[in-house]
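Protein chains: 2
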Amino acid sequence: MAWFRTLTRMSATAKSWPPPLLPSPLRTVPTAPVASASLLLTSLRNFSTGTAASPASPTHCGDLGPTGGGEKPRVVVLGSGWAGCRLMKGIDTSIYDVVCVSPRNHMVFTPLLASTCVGTLEFRSVAEPVGRIQPAISREPGSYFFLSNCKGIDAKNHRVICETVTDGPNTPDPWKFNISYDKLVIALGAEALTFGIHGVKEHAIFLREVHHAQEIRRRLLLNLMLSDVPGTTEQEKSRLLHCVVVGGGPTGVEFSGELSDFIMRDVRQRHAHVKDYIRVTLIEANEILSSFDDRLRRYATRQLTKSGVHLVRGIVKDVEPDKIVLDNGTEVPYGLLVWSTGVGPSSLVKSLDLPKAPGGRIGIDEWLRVPNVPDVYAIGDCSGFVESTGKPVLPALAQVAERQGKYLAGLLNRIGKAGGGRANSGAEVDLGDPFVYKHLGSMATLGRYKALVDLRQSKEGKGISLAGFLSWFIWRSAYLTRVISWRNRFYVAVNWLTTMVFGRDISRI
Amino acid sequence: MAWFRTLTRMSATAKSWPPPLLPSPLRTVPTAPVASASLLLTSLRNFSTGTAASPASPTHCGDLGPTGGGEKPRVVVLGSGWAGCRLMKGIDTSIYDVVCVSPRNHMVFTPLLASTCVGTLEFRSVAEPVGRIQPAISREPGSYFFLSNCKGIDAKNHRVICETVTDGPNTPDPWKFNISYDKLVIALGAEALTFGIHGVKEHAIFLREVHHAQEIRRRLLLNLMLSDVPGTTEQEKSRLLHCVVVGGGPTGVEFSGELSDFIMRDVRQRHAHVKDYIRVTLIEANEILSSFDDRLRRYATRQLTKSGVHLVRGIVKDVEPDKIVLDNGTEVPYGLLVWSTGVGPSSLVKSLDLPKAPGGRIGIDEWLRVPNVPDVYAIGDCSGFVESTGKPVLPALAQVAERQGKYLAGLLNRIGKAGGGRANSGAEVDLGDPFVYKHLGSMATLGRYKALVDLRQSKEGKGISLAGFLSWFIWRSAYLTRVISWRNRFYVAVNWLTTMVFGRDISRI
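Going down the list, the sequences are from chains A and B.
Residue 402 in this note's numbering is what sits at position 402 of the first sequence, and the numbering runs on without skipping anything.
Take the position in the second sequence, starting the count at 1, then add 1000; the result is the number in this note's numbering.
Here it is as structure tokens:
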């Protein structure tokens, strides 16, 4: 190792940290590693005089100020869900710079999330990085993604207050900063509803983010394995392997279906010792799949019961670490509790000093503008039509969010092209047609190659509704073509194929 | 929803919890969901009289006692690494029952672990569930996998003391239990060496388990994103994006290579704003890849330097949350610190009252038996030949572990076939040839379609050594055929292909 042996003998000009940058593959490569390395060592030695900012006491300052004449106008998007991501995808980046603020750097393909809990799909297959949805964010000098939470909106000064996220010890403490906007799109989504029931937040797992699905999977596999260990009583085995799902909407039903499919196909084979103890109970206060056609609901009830899901009508009163208590006093012990009883406005949305729609969402007009607040728009689950529009608040569906994102991207592009992209301008631009929502139908899978497809435009309307294998096939194909990138389309297809051929994966990582 | 409407009107015989078992797909399916469901509700009501075991105060008792006449003899395997898994794969389950005790339910395909940190491979692709390696564990009534840690060995009474693992709140507290063995195979592996350096365990990340790779990935992506946020000083950007690897063995070199490849190919494109700040430094006290041929080492040094890895010779004295201090006083600020300076005996192995090999590993003879302890064998990184064999302790390599596992499976099968499978029997069986290790060569990848393959049988020996693209191709093919299951072979190939076509995945989940 001539390189190392000559290291100490070399003398080189003292250089200050940081050492020479990583060479670009196009730049000339250093041909004398001996020199460059000893040079680095020297630079390391000299570094000790520098003062590194301690992660405990960072001195952060710096905002992203208002855009100047030489820059493009800036669209700030709060959130990276269906609404925000579809908007960013559609924004014309030759007109605007895009800045996205979100605590996660990817969009979650929520309709497929339930499948990841039991290993039918990989977690990575349902997550789409924001930088792949809108490549300008990674490349353009004025476009950014900030891994941060929005803490407030200062509409008077056209700026938002943000705070970075942290990730436990050894990561920097969070700090605050401001971003000035020309146009602001609020797409903050909604929060899982707990109806103030004690213990839900502490003991139940929601099913809205990838980390929720990961936690469900880890818990499920842990319980399966612990019930096999000597010293577990029969009663505790029953408890550990009782999976309770609260909420009979599409998410709850799909998760129950996937879970019973997993039990039928995989647990029986791979955890033969405990297969007779595992069961799934779905608790719903009213009707399951209330938005679907009567015939489809009956079909779903039949299918779920057939595959071993116990359907129970009840209202949860209290959640304890190992059991839930229903309003009639029944105690239901559980090992895994998944909570999906719908969503409502988040505490941040509630706290914002903006016009509101009935129900507490951010109020918008028919062009998705927040009335009387210049340059501020709201889309997706966090927004709803104000009463004066005479329109009902739209349901919290991916479909609505995606359509609003697409519409607003077009509207902002039109405004920008007409020269109204800057803050406090564009009032005179013709906005064109208002946003009109047309329901394309609903889908839900039940596991075991069965699904429901309801193509009616409203609950009362007429139209096609399908159930069974054909629906399952349509469901899979529809999702496959809607997953945003080709990479993920490919991965989802590969995952489905592998699960069919080899069964689900059961490694607990 | 007739099902729900009739629910309260129904009356049914009171049933006790648990409700009827999940019906098997082959059994008759209930045709009257109304009845079965209300029956369930009744059973739920009646359950409240039962007392569920609280997770805080479980009353665990029960051991896996000695095998009786009607049972097969029991082989207990401690650990699920290369050695233990290869052994289980080879055990003849018509002769023995197999019980595996390990805190993880999968084997990690360690040579590919470095690739998962930067998204070249998925985490799942390098994990192989124990139940897939030896299917009897999931199916046979006397074979088990216990998610537990071994806490001690009571060789006199032919049993091991175990304790279950826990996973934070809402999971059962750990409890202890005993397993009696007929034959015991200790394959507990080794622990990362920290040389007693202060702060290593707190601030550095090792690269030995899937969760380590996950943590490295999360940290790396967090730092990449935080450095882009307004308010980060130039100095802190440099610190956050300085990845320091300590240890120039194959793991350290492979990780550095993958990381610089990730920076060259993906960070430049996807994190364009911060691309000039990220750098990789590899610190090694002696020579990098000391087990490889001189020419290969020179080649590796050249390739790593070319791809921007800074090679530094130094000894780490102290590790702080944001910087390491070298023995010459140099302070090196870091945002990510990966530690791979080799392995040594774990504290459990050290504490076991068994014969030891030079260096503290569990002593074994040439048939991998622990001398003077009947029916106890040790294989893999936790074991070493006792001095009296006159043989050197073998290196801590997957290759050695795998070969020992294979050999011992054959030996145990031979003993079992000759009727010596029970505890305290088999002493008279002819053991055949002792275990002889023949080194097949070493491989290491350097990133960017380059790898080293050293086919010499020893450091001083003669033989073929290759470097460059051909080696990279051999490396990939060799690993592809060695990943145990077809499922994972398929996934690794798909992952590699996707990375080539679409680049690496950068979602932080």
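Every residue gets a Cβ at the ideal spot worked out from N, C-alpha and C, and that includes glycine.
The model shown is predicted, which means the values in this text are computed figures rather than measured ones.
Residue i burial status per 10 Å Cβ neighbour count (16 or more: buried)
i	result
VAL1076 (chain B)	buried
MET225 (chain A)	buried
SER507 (chain A)	buried
THR1481 (chain B)	exposed
SER43 (chain A)	Per-residue confidence for SER43 (chain A) stands at a pLDDT of 40, beneath the threshold of 50, marking its modelled position as unreliable; no derived number is given.
LYS323 (chain A)	buried
ASN424 (chain A)	exposed
8 Å Cβ cutoff, residue i in contact with chain A
i	result
ASN1105 (chain B)	yes
LEU1041 (chain B)	Per-residue confidence for LEU1041 (chain B) stands at a pLDDT of 39, beneath the threshold of 50, marking its modelled position as unreliable; the derived number appears in the next sentence. Yes, LEU1041 (chain B) lies at the interface with chain A (some Cβ there is under 8 Å from its Cβ).
GLU1071 (chain B)	no
ASN1170 (chain B)	yes
PRO1129 (chain B)	yes
SER1507 (chain B)	yes
GLN1404 (chain B)	no
GLY1084 (chain B)	no
ASP1293 (chain B)	no
Distance between residue j and residue i (C-alpha atoms, nearest Å)
i	j	result
PHE146 (chain A)	TRP82 (chain A)	18 Å
VAL1246 (chain B)	VAL1349 (chain B)	25 Å
ALA1493 (chain B)	SER465 (chain A)	40 Å
PRO321 (chain A)	ARG239 (chain A)	11 Å
TYR181 (chain A)	ARG74 (chain A)	6 Å
LEU241 (chain A)	ARG1139 (chain B)	18 Å
THR1281 (chain B)	ILE1197 (chain B)	19 Å
GLU1091 (chain B)	LYS1156 (chain B)	In the sequence on display, residue 1091 (chain B) carries Ile and not Glu. So the two alpha carbons sit approximately 25 Å from each other.
ARG1476 (chain B)	THR1499 (chain B)	14 Å
ALA1451 (chain B)	SER1442 (chain B)	11 Å
GLU287 (chain A)	ARG86 (chain A)	32 Å
ARG1104 (chain B)	PRO1129 (chain B)	9 Å
CYS1117 (chain B)	LEU1336 (chain B)	12 Å
GLY360 (chain A)	PHE195 (chain A)	15 Å
PHE1490 (chain B)	LEU1497 (chain B)	11 Å
Beta-carbon proximity of residue i to residue j, cut-off 8 Å
i	j	result
LYS1183 (chain B)	GLU1163 (chain B)	no
GLY1249 (chain B)	SER1340 (chain B)	yes
HIS203 (chain A)	ASN1170 (chain B)	yes
PRO355 (chain A)	ASN372 (chain A)	yes
TYR437 (chain A)	ARG414 (chain A)	no
GLU1254 (chain B)	ALA1444 (chain B)	yes
LEU408 (chain A)	TYR449 (chain A)	no
GLN1214 (chain B)	PHE1123 (chain B)	yes
THR120 (chain A)	ASN495 (chain A)	yes
LYS89 (chain A)	GLN134 (chain A)	yes
CYS1382 (chain B)	ALA1190 (chain B)	yes
LEU1311 (chain B)	LEU1304 (chain B)	yes
LEU1431 (chain B)	LEU1411 (chain B)	yes
GLY1447 (chain B)	SER1307 (chain B)	yes
GLN399 (chain A)	LEU440 (chain A)	yes
GLY405 (chain A)	GLY84 (chain A)	yes
Residue i, enclosing beta strand (DSSP E) - first and last residue
i	result
ASP261 (chain A)	First-last for ASP261 (chain A): 250 to 262, but that is the alpha helix (DSSP H), not the beta strand (DSSP E).
ILE315 (chain A)	It is not in any beta strand (DSSP E) - ILE315 (chain A) carries neither H nor E in the DSSP assignment.
Chain B contact for residue i (CB, 8 Å cutoff)
i	result
PHE502 (chain A)	yes
GLU122 (chain A)	yes
GLN134 (chain A)	no
TRP513 (chain A)	Past the edges of chain A, shown from 1 to 509, lies residue 513 (chain A), and the structure says nothing about it.
THR498 (chain A)	yes
GLY231 (chain A)	yes
ARG217 (chain A)	no
LEU147 (chain A)	yes
SER442 (chain A)	no
TYR144 (chain A)	yes
THR481 (chain A)	no
LEU446 (chain A)	no
Unbroken alpha helix (DSSP H) run spanning residue i, endpoints
i	result
GLY1212 (chain B)	Reading off the sequence shown, one finds His at residue 1212 (chain B), where the question assumed Gly. Segment 1210 to 1226, the alpha helix (DSSP H) holding HIS1212 (chain B).
Any non-hydrogen atom of the ligand FAD closer than 7 Å to residue i Cβ
i	result
ILE91 (chain A)	Summarising the ligand content, the structure contains no ligands, and the ligand FAD is consequently not present.
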